[in-house]
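Worksheet for the structure shown next.
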Amino acid sequence: MILIIGGAYQGKLGFARDAFSVTEAEIFDCTGASIDFSKRCVRHLEEFCYACVEAGVEPKDYFLEHKDQWRDSILICRDIFCGVVPTDPIQREWRQAAGRLCQYLTVEAERVSRIFCGLEQRLK
Amino acid sequence: MICFISGGAKNGKSTLAQNLALSLARGGTHYYVATMIPTDGEDRERIRRHVEDRKGLGFETIECGRNILSCLDGADREATFLLDSATALLMNELFPPEKNYEMDVPAAKRCAEELTAFAGSVRNAVIVSDYLYSDAIRYDRSTQVYQQCLADIDRALAAVSDTVVEVSAGQYIVHKGALKL
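Taken in sequence, the protein lines are chains A and B. Quick note on our numbering: the first sequence kicks off at 1 and runs consecutively. Quick note on our numbering: the second sequence kicks off at 125 and runs consecutively.
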């Protein structure tokens with residue numbers, strides 16, 4: 001599994017396209033609390049986490065339950081971790097849950113890339 | 125030599141940018157392209173502090189808050205330009221006062237093209253931007269558009285720059301090229 005992280009609009013998907021030849025048909029755009037892992041590239045993990053928090057599910061647990069399905073995936077998550085602690089409890093929990101998931105995924109990943117202004121910074 | 129610098133607030137971007145510009149200028153003409161249009165006392169105080177920091181460094185200041193290519197009028201393109209910052213420039217272009225600060229997206233796109241053209245027109249430039257993309261706030265539409273337009277500018281400038289540096293707590297992360305001070 002490859003994990004791509006980076007701030008909003010930094011070119012994470014563009015990097016996935018360029019570096020791993022991801023095509024449009026292979027992309028799953030997270031909007032809810034479930035993921036179609038038959039798609040090779042899963043993006044907006046942070047939105048998946050937000051939906052999980054709203055549904056009272058721990059995103060990391062979901063990944064543990066589906067571990068056999070994302071071994072060869074390219075996962076993309078927005079870095080939402082550098083701002084002030086959100087005052088809204090849902091947003092606060094969102095950040096925490098997404099952080100727990102990313103820490104787990106970075107351990108499992110064979111490669112972790114951070115994208116800054118369209119440029120790759122290899123973290124693992 | 126085109127250098128692009130970004131990073132969080134108050135981490136030392138402007139200090140690095142000044143040092144880099146001085147090093148590139150090698151004693152030759154160096155311009156400070158000031159992009160902020162002050163709207164209140166707080167802005168004026170920030171500008172005063174920046175002017176104080178630059179004192180004695182020999183920068184010629186060009187005030188240019190909009191239409192960035194106009195800063196080249198009468199300027200020596202073989203000189204060194206320090207542009208601080210893309211963030212303020214985009215703010216002025218995207219939310220123009222004469223349109224009652226209503227969002228002007230085509231102006232933001234033009235701003236991105238002009239900044240890339242600017243980088244391609246001068247011998248040396250150091251361009252400063254701000255990294256404001258990694259928090260957990262769900263912004264309103266106009267703030268999202270602002271972020272997206274600035275990110276478009278950042279990526280375009282990073283692509284044409286020789287050197288790209290992220291400044292964090294006064295430390296430098298070199299993403300592209302080499303940092304020679």
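The beta-carbon is built from N, C-alpha and C at its ideal position, and this holds for glycine as well. Here the structure is a predicted model, which means the values were calculated and not measured.
List, in chain order, every chain A residue whose beta-carbon is nearer than 7 Å to that of residue 271 of chain B. Within the second sequence, numbered from 1, the residue matching residue 271 of chain B stands at position 147. The contacting residues are 8, 9.
Can you name the residues of chain A whose CB is closer than 9 Å to the CB of residue 209 of chain B? In the second sequence, the residue the question calls residue 209 of chain B occupies position 85. Listed by position along chain A, the residues whose Cβ is nearer than 9 Å to that of residue 209 of chain B form an empty set, because the closest Cβ is around 14 Å away.
At a Cβ threshold of 8 Å, is residue 100 of chain A touching chain B? Translated into positions along the first sequence, residue 100 of chain A becomes position 100. By this cut-off, residue 100 of chain A is not an interface position.
6 Å Cβ shell around residue 11 of chain A - same chain, five flanking residues per side excluded: Stepping through the first sequence from its first residue, residue 11 of chain A is reached at position 11. Residues of the same chain with a CB within less than 6 Å of the CB of residue 11 of chain A, apart from the 5 flanking positions on each side, are 115, 118 in chain order.
To which residues of the same chain is residue 209 of chain B closer than 7 Å at the C-beta, ignoring the five residues directly before and after it? As a first step, residue 209 of chain B is located in the second sequence; it is residue number 85 there, counting from the start. Excluding five sequence positions before and after residue 209 of chain B, the CB atoms of its chain that fall closer than 7 Å to its own CB belong to 159, 252, 253, 254, given in chain order.
Check for me: the alpha helix (DSSP H) holding residue 290 of chain B runs from which residue to which? The residue labelled residue 290 of chain B in the question sits at position 166 within the second sequence. It is not in any alpha helix (DSSP H) - residue 290 of chain B instead sits in the beta strand (DSSP E) that spans 287-292.
Tell me which same chain residues have a C-beta within less than 8 Å of the C-beta of residue 286 of chain B, skipping the five on either side of it? Taking the second sequence and counting its residues from 1, the one referred to as residue 286 of chain B is at position 162. Listed in chain order, the non-local C-beta contacts of residue 286 of chain B below 8 Å within the same chain comprise 125, 126, 127, 300, 301, local neighbours out to five positions each way being set aside.
Using a C-beta cutoff of 8 Å, does residue 262 of chain B count as contacting chain A? Within the second sequence, the letter at position 138 stands for residue 262 of chain B. Yes - at least one Cβ of chain A is within 8 Å of the one on residue 262 of chain B.
Does any C-beta atom of chain B lie closer than 8 Å to the C-beta of residue 118 of chain A? To locate residue 118 of chain A, count along the first sequence from 1; it is residue 118. It does: the Cβ of residue 118 of chain A has a partner Cβ on chain B nearer than 8 Å.
Note down, in chain order, each residue of its chain lying with its Cβ closer than 8 Å to the Cβ of residue 101 of chain A, except the 5 sequence neighbours on either side. The sequence position of residue 101 of chain A within the first sequence is 101, counting from 1. Only 45, 49, 59, 60, 63, 77 meet the Cβ criterion.
Given that a residue counts as buried once 16 or more other Cβ atoms are within 10 Å of its Cβ, and exposed if not, what is residue 293 of chain B? By one-based count along the second sequence, residue 293 of chain B stands at place 169. With fewer than 16 other Cβ atoms within 10 Å, it is exposed.
Mind listing the chain A neighbours of residue 288 of chain B? Cutoff is C-beta to C-beta under 7 Å, in chain order. Along the second sequence, one-based indexing puts residue 288 of chain B at 164. The answer, in chain order, is 117, 119.
Could you name each continuous beta strand (DSSP E) segment of 3 residues or more that falls completely within the region 68-95 of chain A, going from the start of the chain to the end? The qualifying runs are 74-78.
Taking only three categories from DSSP, how would you classify residue 154 of chain B? For this step, residue 154 of chain B is matched to residue 30 along the second sequence. In the three-state DSSP reduction, residue 154 of chain B falls in the strand class (E or B).
Using the rule of at least 16 other Cβ atoms within 10 Å of the residue's Cβ for burial, across every protein chain shown, is residue 67 of chain A buried or exposed? Locating residue 67 of chain A in the first sequence gives position 67, counting from the first residue. It counts as exposed.
Taking its Cβ as the centre, do 16 or more other Cβ atoms sit within 10 Å of residue 91 of chain A, making it buried, or is it exposed? Here residue 91 of chain A refers to the residue found at position 91 of the first sequence. Around the C-beta of residue 91 of chain A, 16 or more other C-beta atoms lie within 10 Å, and the residue is accordingly described as buried.
Using the three-state DSSP reduction, which class does residue 127 of chain A fall into: helix, strand or coil? No information on residue 127 of chain A is available, as it lies outside the stretch 1 to 124 that chain A covers here.
What is the C-beta distance between residue 181 of chain B and residue 274 of chain B, in whole angstroms, given that I count them as a contact (C-beta under 8 Å)? Mapped onto the second sequence, residue 181 of chain B falls at position 57. Mapped onto the second sequence, residue 274 of chain B falls at position 150. At roughly 27 Å, the Cβ-Cβ gap does not stay under 8 Å, so residue 181 of chain B and residue 274 of chain B are not in contact.
With a floor of 4 residues, list each alpha helix (DSSP H) that falls wholly inside the region 6-48 of chain A, ordered by position along the chain. The qualifying runs are 12-20.
Cβ-heavy atom distance, residue 27 of chain A to the ligand SAH, below 7 Å: Absence of the ligand SAH is noted for the structure shown, with no ligands found whatsoever.
Within the region 158-231 of chain B, ranges of the alpha helix (DSSP H) (whole runs, at least 4 residues): Whole alpha helix (DSSP H) segments, 4+ residues: 165-178, 210-218.
Drop a sphere of 10 angstroms on the beta-carbon of residue 131 of chain B, count the other beta-carbons inside from all chains shown, and report buried for 16 or more, exposed for fewer. The count along the second sequence starts at 1 and reaches residue 131 of chain B at position 7. Burial call: buried.
Identify every residue that forms a DSSP beta bridge with residue 114 of chain A. In the first sequence, counting from the first residue as 1, residue 114 of chain A sits at position 114. DSSP output for residue 114 of chain A lists A/5, A/121 as bridge partner(s).
Neighbourhood of residue 187 of chain B by C-beta distance below 7 Å, restricted to the same chain and skipping five residues each side: In the second sequence, counting from the first residue as 1, residue 187 of chain B sits at position 63. Here residue 187 of chain B has 158 as same chain residues with Cβ atoms under 7 Å from its own Cβ, once five neighbours each way along the sequence are excluded.
Quick test of your reading: residue 217 of chain B and residue 231 of chain B, contact by CB under 8 Å. State the CB separation rounded to the nearest angstrom. Along the second sequence, read from residue 1 onward, the residue named residue 217 of chain B stands at position 93. Along the second sequence, read from residue 1 onward, the residue named residue 231 of chain B stands at position 107. The beta-carbon separation of residue 217 of chain B and residue 231 of chain B, rounded to 5 Å, stays under the 8 Å limit for a contact.
Is the region 234-242 of chain B close to the region 165-182 of chain B, with three or more CB pairs under 8 Å? Judged by Cβ distances under 8 Å, the region 234-242 of chain B makes no contact with the region 165-182 of chain B, as fewer than three pairs qualify.
Helix, strand or coil, according to DSSP, for residue 135 of chain B in the structure here? Taking the second sequence and counting its residues from 1, the one referred to as residue 135 of chain B is at position 11. Correct three-state label for residue 135 of chain B: coil.
How about residue 250 of chain B and residue 145 of chain B: do their beta carbons lie closer than 8 Å? Taking the second sequence and counting its residues from 1, the one referred to as residue 250 of chain B is at position 126. Taking the second sequence and counting its residues from 1, the one referred to as residue 145 of chain B is at position 21. If you check the CB distance, residue 250 of chain B and residue 145 of chain B come in under 8 Å.
Measuring only between beta-carbons, confirm whether residue 265 of chain B sits less than 8 Å from chain A. As a first step, residue 265 of chain B is located in the second sequence; it is residue number 141 there, counting from the start. No, residue 265 of chain B does not count as interfacial toward chain A.
Using the three-state DSSP reduction, which class does residue 296 of chain B fall into: helix, strand or coil? For the purposes of this step, residue 296 of chain B is taken as residue 172 along the second sequence, with counting starting at 1. In the three-state DSSP reduction, residue 296 of chain B falls in the strand class (E or B).
Confirm, please, whether the CB-CB distance from residue 280 of chain B to residue 288 of chain B is below 8 Å. In the second sequence, residue 288 of chain B corresponds to position 164, counting from 1. In the second sequence, residue 280 of chain B corresponds to position 156, counting from 1. Cβ atoms of residue 288 of chain B and residue 280 of chain B: not closer than 8 Å.
Would you call the region 190-205 of chain B and the region 136-153 of chain B in contact, with 3 or more CB pairs under 8 Å? These segments touch.
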